[in-house]
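Here the structure comes first, spelled out in structure tokens, and everything after it is commentary.
In this note's numbering, the protein residues as written are 1 to 799.
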């Protein structure tokens with residue numbers, strides 16, 4: 001082969017062999033020896049099949065090519081050099097070398113090194129396979145996710161960063177009554193009302209990292225709101241939402257998950273109705289048992305008989321506490337427990353808890369000590385009822401599990417003042433501790449204490465009783481009040497329970513705090529003084545007992561008799577209304593659940609009557625006396641127009657205090673004869689300052705400065721309410737008139753402004769009946785009284 005062709009083949013990494021008709025090597029390229037690792041001693045004339053065993057068995061093909069029966073033959077193979085570790089790929093092409101003027105045409109074997117090409121092809125093939133596998137996985141993953149999203153019971157919507165809907169699942173289509181195509185491209189606010197208030201448009205957010213910080217934004221939290229359907233119905237839903245952030249803008253946006261709350265709300269309502277029904281049905285016989293036992297204890301029993309009745313009375317109260325625990329636990333679990341936010345004296349709250357449990361401690365010879373290192377009282381804003389409940393529960397447990405020794409209570413206030421906030425409302429952490437010398441708790445059982453229906457062990461339940469709900473309720477109440485609860489204990493040595501609450505502190509120097517302190521201290525002393533009832537020197541009330549249960553009738557009548565009262569009985573609301581037309585009653589003790597006409601509807605009808613319908617010429621005070629013990633029940637009674645509320649079983653002391661309160665209210669008005677029943681402004685103008693000074697003196701302990709401060713606070717509260725009432729009268733907004741007049745009525749009675757109380761009550765009644773006539777005269781009367789109190793304050797020194 002000529003040198004030019006040889007050079008060309010060498011550049012192309014192609015080697016060659018030329019064979020004669022006997023397959024002997026005629027010529028071999030220099031590079032082939034190295035490529036195929038052929039020993040140098042291989043010479044021309046050698047049989048090619050010795051050098052390349054791959055050609056063994058191809059003799060027929062060689063003959064066919066040489067005789068022109070076949071043009072060529074290609075063979076691809078792998079061979080390894082003796083010292084190589086990677087495969088060597090070669091392509092062998094056999095063809096004949098046609099020579100002119102020769103009868104012999106030698107064969108040419110072209111050997112090409114295709115290793116690089118084969119490795120590249122294999123790499124490409126493997127990459128293609130991997131890409132196909134990834135594509136199949138992506139398709140399967142998408143199908144998998146789509147099926148999950150489609151099968152979700154909750155509605156799911158995906159939007160762009162600007163809030164445009166780009167995808168929704170089947171549940172969302174069913175919930176919202178839209179086909180998918182109808183919502184694609186629409187703003188999310190078309191179906192979810194609450195989104196606007198969270199300003200989720202990402203374009204308005206400068207720092208995405210701050211936005212995504214869960215501590216600084218509401219993303220991921222569940223929000224209850226309302227959705228709009230295609231038919232413009234509103235559906236109560238809970239929705240959570242989060243941002244989807246990727247490197248590709250097209251795949252960024254928001255995901256919303258909506259949960260239809262309709263059934264849940266209905267279930268919660270059914271549960272509350274069931275609890276209310278159970279509460280009434282269970283408390284009614286318990287109230288009868290406790291009431292009868294209380295009456296028996298007043299009969300001068302001695303010895304074994306007294307012991308038996310005391311056991312009945314104690315057991316009834318224990319059962320009542322268990323029922324109350326279940327009701328509280330249920331309300332907390334369902335999220336229906338609402339905390340009050342009212343100012344109160346911390347020391348008063350603690351004193352009340354001590355007062356209630358002192359008899360139990362004395363029976364066991366235990367000393368309860370309060371470590372007063374903070375110079376309480378301190379006025380705080382919170383829920384005094386729930387704080388007292390936690391204190392009583394923990395103190396009760398300490399007494400229960402302590403046989404000898406003492407119980408210590410202490411309070412620590414950690415200031416958390418913020419210079420940017422009003423000094424009148426600084427949020428502090430208040431820590432309470434209740435330390436006892438009781439049986440203690442094993443360290444491995446501490447974590448069980450605050451779980452519902454859980455106690456240290458079953459023997460504790462058998463020995464000491466209880467449901468295991470008390471501490472669970474305490475834990476939830478503490479958390480609702482912004483705190484926590486924990487315990488430190490040593491077996492057979494004692495336990496210390498700690499709990500904290502977050503509360504706004506009112507500075508002691510403020511006038512409101514001083515007045516409140518006086519009021520609550522007076523209430524504490526009154527509660528202590530009223531432990532043994534002493535008959536009042538006021539005229540006796542004419543009472544109507546409206547109650548359908550015969551046992552409850554007997555208990556109430558006996559309690560009233562022991563307090564020096566008598567009462568007529570109506571078995572239902574219809575009978576009560578009939579009696580009110582004939583007999584001048586001052587006060588009605590009203591059961592709520594009665595046949596024919598219940599207490600709520602009866603009270604509403606009483607408010608609809610004109611004063612001339614009553615035999616007394618005025619509406620009697622209505623006091624609910626019912627076994628319905630839930631907060632909603634009390635509010636329902638007040639909303640119906642009842643003036644006060646007593647929960648069964650009614651303790652005689654509580655009944656006495658309620659009757660005493662309303663007797664003072666009723667007869668104070670009659671004695672002074674301040675207000676003509678027609679409530680005319682002419683009669684009002686001739687009256688002196690309409691304040692029950694005796695009540696104010698008692699409230700302030702004859703401190704004139706406190707009295708003036710209280711009157712000033714009263715005026716500042718009443719004036720904007722009167723303006724609101726005038727606006728409501730002009731717009732015929734009877735709901736607003738009723739709301740504001742109810743507030744004025746309550747504020748007036750608190751300071752002894754009895755005339756204003758009655759004026760506001762009359763105004764509330766007119767609003768309830770949606771009557772305009774007379775409202776302006778009543779407002780003029782109230783404004784006149786306010787003006788006279790203001791003039792009095794101006795005339796009085798130091799006001």
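A virtual CB, placed ideally from N, CA and C, is assigned to each residue, including glycine.
Does the beta-carbon distance from residue 623 to residue 646 come in below 8 Å?
The residue given as residue 623 occupies position 623 in the chain shown. The residue given as residue 646 occupies position 646 in the chain shown. It is a contact, given that the beta carbons lie within the stated cut-off.
Check your understanding: Between residue 292 and residue 386, what straight-line distance do the alpha-carbon atoms span, to the nearest angstrom?
Key -> Taking the chain shown and counting its residues from 1, the one referred to as residue 292 is at position 292. Taking the chain shown and counting its residues from 1, the one referred to as residue 386 is at position 386. Distance between the alpha carbons of residue 292 and residue 386: 30 Å.
**Request:** Under 7 Å Cβ to Cβ from residue 608, same chain only, skipping five residues before and after it: list those, please.
**Result:** Looking up residue 608 in the chain shown gives position 608. Result list for residue 608: 769, in chain order.
Do the segment 399-410 and the segment 434-444 touch if we need at least three Cβ pairs shorter than 8 Å?
yes
| task | Flag this pair as touching only if the segment 542-556 and the segment 579-595 have three or more C-beta atom pairs under 8 Å; answer yes or no. | result | yes
- Item | Helix, strand or coil at residue 240 according to DSSP, with G and I counted as helix | As a working note, residue 240 is residue 240 in the chain shown. Strand, per DSSP.
Margin query: Do residue 252 and residue 168 have their beta-carbon atoms positioned less than 8 Å apart in this structure?
Written below: Looking up residue 168 in the chain shown gives position 168. Looking up residue 252 in the chain shown gives position 252. Taking 8 Å as the Cβ cut-off, residue 168 and residue 252 do not qualify as a contacting pair.
Self-check item: Beta carbon of residue 740 nearer than 8 Å to that of residue 724
Solution: For the purposes of this step, residue 740 is identified with residue 740 of the chain shown, where counting begins at 1. For the purposes of this step, residue 724 is identified with residue 724 of the chain shown, where counting begins at 1. Yes, they are a contact pair.
| Nearest-angstrom Cβ-Cβ length linking residue 277 and residue 382, presumed shorter than 8 Å | Counting from 1 along the chain shown, the entry for residue 277 is found at position 277. Counting from 1 along the chain shown, the entry for residue 382 is found at position 382. With a Cβ gap of about 31 Å, residue 277 and residue 382 do not count as contacting.
Original post:
Thinking just about the alpha-carbon of each residue, which of 612, 641, 322, 307 is nearest to the one in residue 582?
Top reply: One-based indexing of the chain shown puts residue 582 at position 582. The option with the nearest alpha carbon to residue 582 is 612.
Query raised in the report: The alpha helix (DSSP H) spanning residue 146 covers which residue range?
Result: Taking the first residue of the chain shown as 1, we reach residue 146 at position 146. Note, residue 146: alpha helix (DSSP H), 115-151.
Output needed for residue 297: all residues of its chain with C-beta closer than 6 Å, excluding positions within five of it in sequence on either side, in chain order.
For this step, residue 297 is matched to residue 297 along the chain shown. Once the five neighbours on either side are set aside, the close Cβ partners of residue 297 are 309.
- Query: What is the rounded straight-line gap between the Cα of residue 528 and the Cα of residue 352?
  - Reply: The residue given as residue 528 occupies position 528 in the chain shown. The residue given as residue 352 occupies position 352 in the chain shown. Confidence is the limiting factor: at residue 528 the pLDDT is only 44, short of 50, which leaves the residue's position unreliable, though a coordinate-based value still follows. Their Cα atoms are separated by approximately 10 Å.
Thinking just about the alpha-carbon of each residue, which of 764, 756, 761 is nearest to the one in residue 788? Counting from 1 along the chain shown, the entry for residue 788 is found at position 788. Looking at the Cα atoms, 756 is the closest of the given residues.
Using CA atoms only, rank isn't needed, just tell me which of 691, 605, 780 is closest to residue 810. As displayed, the chain neither begins before 1 nor continues past 799, which places residue 810 out of reach and without an answer.
Would a C-beta distance cut-off of 8 Å place residue 484 and residue 499 closer than the cut-off? For the purposes of this step, residue 484 is taken as the residue at position 484 of the chain shown. For the purposes of this step, residue 499 is taken as the residue at position 499 of the chain shown. A contact, by the Cβ cut-off of 8 Å.
Item to complete: Give me the Cα-Cα distance between residue 758 and residue 648, rounded to the nearest whole angstrom.
Response: Position 758 of the chain shown, counting from 1, holds the residue named residue 758. Position 648 of the chain shown, counting from 1, holds the residue named residue 648. C-alpha separation (whole angstroms): 29 Å.
For residue 486, which of helix, strand or coil comes out of DSSP?
Here residue 486 is taken as the residue at index 486 of the chain shown, counted from 1. Looking at residue 486 - three-state DSSP - the assignment turns out to be strand.
Could you have a look at residue 48 and say whether DSSP puts it in helix, strand or coil? Sequence index remark: in the chain shown, residue 48 carries index 48 (1-based). In this structure, residue 48 counts as helix in the three-state DSSP scheme.
Host beta strand (DSSP E) of residue 359 (start-end)
Against the chain shown, residue 359 aligns to sequence position 359. Not the beta strand (DSSP E): residue 359 falls in the alpha helix (DSSP H), residues 346-363.
| query | Closest to residue 575 by CA distance: which of 556, 558, 596, 557 is it? | reply | The count along the chain shown starts at 1 and reaches residue 575 at position 575. Minimum Cα distance to residue 575 is reached at 596.
Query - At least 3 beta-carbon pairs within less than 8 Å: the segment 230-241 vs the segment 120-140 - result: no
**Asked** When the Cα of residue 107 is compared with those of 128, 90, 73, which residue comes out closest?
**Response** Locating residue 107 in the chain shown gives position 107, where the first residue counts as 1. Measuring from the Cα of residue 107, the nearest candidate turns out to be 73.
* Asked: CA-CA distance, residue 19 and residue 49?
  -> In the chain shown, counting from the first residue as 1, residue 19 sits at position 19. In the chain shown, counting from the first residue as 1, residue 49 sits at position 49. The alpha-carbon atoms of residue 19 and residue 49 are separated by roughly 11 Å.
If you run the structure through DSSP and keep just helix, strand and coil, what is residue 285?
In the chain shown, counting from the first residue as 1, residue 285 sits at position 285. Note: residue 285 maps to helix in three-state DSSP.
- Task: Can you tell me which of the three DSSP states residue 476 falls into?
- Result: Translated into positions along the chain shown, residue 476 becomes position 476. Of the three classes helix, strand and coil, the one that applies to residue 476 here is helix, per DSSP.
Rounded to a whole number of angstroms, what is the C-alpha to C-alpha distance between residue 121 and residue 47? One-based indexing of the chain shown puts residue 121 at position 121. One-based indexing of the chain shown puts residue 47 at position 47. Rounded to whole angstroms, residue 121 to residue 47 spans 34 Å at the Cα level.
Of the residues 404, 344, 340, which one's Cα is nearest the Cα of residue 360? Your numbering for residue 360 matches position 360 in the chain shown. Closest by alpha carbon: 404.
query: What is the DSSP secondary structure of residue 260, reduced to helix, strand or coil?
result: Taking the first residue of the chain shown as 1, we reach residue 260 at position 260. Three-state DSSP puts residue 260 in a strand.
- prompt: Taking buried to mean at least 16 other C-beta atoms within 10 Å of its own C-beta, is residue 599 buried or exposed?
  reply: Working through the chain shown from its first residue, we reach residue 599 at position 599. Buried: at least 16 other Cβ atoms inside 10 Å.
Query raised in the report: Buried or exposed: residue 578, going by 16 or more other Cβ atoms within 10 Å of its Cβ?
Result: The sequence position of residue 578 within the chain shown is 578, counting from 1. Result: exposed.
- [ ] Going by DSSP, name the residue or residues bridged to residue 370.
- [x] The residue given as residue 370 occupies position 370 in the chain shown. Note: residue 370 sits in a beta bridge opposite 409.
- prompt: In terms of DSSP beta bridges, what is residue 432 paired with?
  reply: On the chain shown, residue 432 is found 432 positions in, with the first residue counted as 1. According to DSSP, residue 432 bridges with 411, 499.
Taking the alpha-carbon of residue 243 as reference, which of 178, 109, 284, 159 has the nearest alpha-carbon?
Residue mapping note: residue 243 aligns to position 243 of the chain shown, counting from 1. Residue 243 has its Cα closest to that of 159, out of 178, 109, 284, 159.
**Request:** Measure the alpha-carbon distance for residue 124 versus residue 182 and round it to whole angstroms.
**Result:** Locating residue 124 in the chain shown gives position 124, counting from the first residue. Locating residue 182 in the chain shown gives position 182, counting from the first residue. So the alpha carbons of these two residues sit roughly 45 Å apart.
At what residues does the alpha helix (DSSP H) containing residue 650 begin and finish?
One-based indexing of the chain shown puts residue 650 at position 650. Segment: none, residue 650 is in no alpha helix (DSSP H) and carries neither H nor E.
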